[in-house]
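The block underneath contains the structure these notes are about, expressed in structure tokens.
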Amino acid sequence: MLSTKEVRMYLRIRNLCGLLGIILPWIALFSAGIVLNKPEGWWWSISATYYQSPALVGVLVPACIVMMSYIGYDWKDNLITTLTGIFGLGIVLFPCKVDWIADGSAVGFFQLPIEVSQIIHTACALLFFLCSAINTLCQFTRHGNTMTDRKKVRNLIYRICGWGMIGFEALLVALVLLGAPGWVVMVIEIVLLHLFGFAWLVKGEFFPFLNDKEEEAEAPTEDGEPIVGAGPHSAPKIRTQVE
0 MLSTKEVRMY LRIRNLCGLL GIILPWIALF SAGIVLNKPE GWWWSISATY
50 YQSPALVGVL VPACIVMMSY IGYDWKDNLI TTLTGIFGLG IVLFPCKVDW
100 IADGSAVGFF QLPIEVSQII HTACALLFFL CSAINTLCQF TRHGNTMTDR
150 KKVRNLIYRI CGWGMIGFEA LLVALVLLGA PGWVVMVIEI VLLHLFGFAW
200 LVKGEFFPFL NDKEEEAEAP TEDGEPIVGA GPHSAPKIRT QVE
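Here it is in structure tokens:
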């Protein structure tokens, strides 16, 4: 059984993932927006702000490191969060293609031609959100023998966020193929990151009204081991969280 200190560490990691996901688009837009003499279309995607500001690197890289360091319920949980972190790093290491940089130009950490970097960047971005959706739908919704009312609400939120990420990701691909305006990418990316972030915040017990009351959370997990949670709303003693 985890100690109170360990529980708080896990909750802090989960909340950090969520907060970094939610603030990323706004920090990227603000930091790139204050740059002088910006090219047209600098704000058409979060990835495009890479060329104007270090915000994408400064926020996404720590989030990915946190996810790769996260220890989940079992090997499946660890695998999916590790892959999510790796694909997130790929988004940074392989920058996207933008109109104001000529084809053939070497970009990114590996100095690949920008059109090649774009292919890898797109694949990593799609896989990042796909892994995040799978994690939200399959891992976050796990529960013990007893399903509390608040766990049912949390699972509903996880499913909305997970299927929302898949749906908006599919919509983004379709709109890009149909030649939608460039700014559409930014809008959908903001929605995707907010779904990602909100799911992690709920998982991190950021919202006290969604968390199990101590007397409701006495059931073991599916593998028989209790999962301990002690959010800021609870008493100092350890309580068992049904997650």
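Its first residue numbered 0, the sequence shown is counted upward by one per residue in this note's numbering. Don't be surprised by glycine CBs; every beta carbon is placed ideally from N, CA and C.
Can you tell which of the options has its C-alpha closest to the C-alpha of residue i?
| i | options | result |
| --- | --- | --- |
| Ile64 | Leu209, Asn134, Leu19, Thr147 | Leu19 |
| Pro94 | Gly84, Pro61, Leu55, Asn77 | Leu55 |
| Leu209 | Asp148, Ala179, Leu176 | Asp148 |
| Gly203 | Arg153, Ala179, Val183 | Arg153 |
| Ile85 | Trp74, Tyr49, Cys130 | Cys130 |
| Ala169 | Leu155, Trp182, Tyr157, Glu188 | Glu188 |
| Ile100 | Asp73, Tyr50, Ala62, Asn77 | Tyr50 |
| Cys16 | Met67, Ala105, Lys150, Leu126 | Met67 |
| Tyr69 | Val58, Gly57, Ala47, Thr83 | Thr83 |
| Asp102 | Ile113, Gly161, Leu125 | Ile113 |
| Leu35 | Leu23, Trp25, Ser52 | Ser52 |
| Trp25 | Ala105, Asp98, Leu192, Tyr9 | Leu192 |
| Val115 | Ile12, Phe127, Val97 | Val97 |
| Val87 | Phe108, Ile119, Phe127 | Sequence inspection shows Gly at residue 87; the Val mentioned does not correspond to that position. Closest option to Gly87, Cα to Cα, is Phe127. |
| Gly166 | Ala132, Phe197, Ile156 | Ala132 |
| Leu92 | Leu59, Phe139, Val190, Phe205 | Leu59 |
| Asp211 | Phe197, Lys151, Gln110, Ile118 | Lys151 |
So, under 8 Å CB-CB, residue i and residue j are touching, yes? Tell me the CB distance rounded to an integer number of Å.
| i | j | result |
| --- | --- | --- |
| Met146 | Phe195 | Their Cβ separation, rounded to whole angstroms, is 25 Å, which puts Met146 and Phe195 out of contact at 8 Å. |
| Cys123 | Ile90 | 5 Å |
| Gln183 | Leu176 | Going by the sequence as given, residue 183 is Val instead of Gln. The pair is not a contact, with the Cβ atoms about 12 Å apart (cut-off 8 Å). |
| Gly40 | Ala47 | 7 Å |
If you follow the alpha helix (DSSP H) that residue i is in, where does it begin and where does it stop?
| i | result |
| --- | --- |
| Asp148 | 148 to 176 |
| Leu55 | 54 to 68 |
| Ile22 | 3 to 32 |
| Ile45 | Per DSSP, Ile45 belongs to no alpha helix (DSSP H) and is neither H nor E. |
| Gly197 | The sequence shown places Phe at residue 197, not Gly. Start and end: 182 to 202. |
What number of angstroms, rounded off, separates the C-alpha of residue i from the C-alpha of residue j?
| i | j | result |
| --- | --- | --- |
| Lys75 | Arg141 | 12 Å |
| Arg158 | Pro207 | 19 Å |
| Cys137 | Ile45 | 27 Å |
| Ala179 | Val186 | 12 Å |
| Val172 | Lys4 | 43 Å |
| Arg7 | Leu200 | 13 Å |
| Ile22 | Asn144 | 36 Å |
| Phe197 | Gln110 | 35 Å |
Would you mind listing the alpha helix (DSSP H) stretches within the stretch 75 to 123 that are 4+ residues and don't spill past its ends, in chain order?
For the stretch 75 to 123, not a single whole alpha helix (DSSP H) run of length 4 or above is found.
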